[in-house]
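Chemist: Counting in my numbering, the sequence shown runs from 659 upward without gaps.
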Amino acid sequence: MTLMPVKILIVCGTTRPEIIKLAPVYHFLWTQTWCEVRWLHTGQHQEMVDQILSCFDIAPDIVLTRAGSSLSEFSIGCRQQLDVVMDQEKWGVVIAQGDTESTFLGGLSAFYQRIPIAYVEAG
């Protein structure tokens, strides 16, 4: 009997610390045969994020479209898009880091979809 790989979604937002802390997790999981890992960027501060991701040789698998200019508009648009992404696959776990709106929305969407969430924090 062949087991299907666990699908892991890393939700990342806007800060350098999020990327710095999640990059090693992503690269480790990428080498594993028991899982399929996908990097999702929520669309905030795209240019800055692209520069930092390139330092870690990461190209997001999923990039959400930033909706609106206010935090409320971003939150509503991001949640709607996260729900679509989380509904399209049978995710085994969602990984997030930090205290940004993106982290909160990723965790909230996972909770509502009954997907376990792993929270990474390192001080």
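No residue lacks a Cβ here, since even glycine has one placed at the ideal position from N, Cα and C.
None of these values were measured; they are calculated from a predicted model.
Just the Cα atoms here: how many angstroms apart are Arg674 and Ser760?
Modeler: Spanning the two alpha carbons is a distance of roughly 13 Å.
Chemist: In whole angstroms, what separates the C-alpha of Ser728 from that of Thr672?
Modeler: If you take the alpha carbons of Ser728 and Thr672, they lie about 15 Å apart.
Chemist: Can you tell me which of Asp708, Leu711, Arg772 puts its alpha carbon nearest to the alpha carbon of Asp745?
Modeler: Residue Arg772 is the option with its Cα nearest to Asp745.
Chemist: Could you tell me if Tyr777 is buried or exposed, where buried requires 16 or more neighbouring beta carbons within 10 angstroms of its beta carbon?
Modeler: Tyr777 is exposed by the Cβ-count criterion.
Chemist: Rounded to a whole number of angstroms, what is the C-alpha to C-alpha distance between Val695 and Trp749?
Modeler: Roughly 10 Å between the two C-alpha positions.
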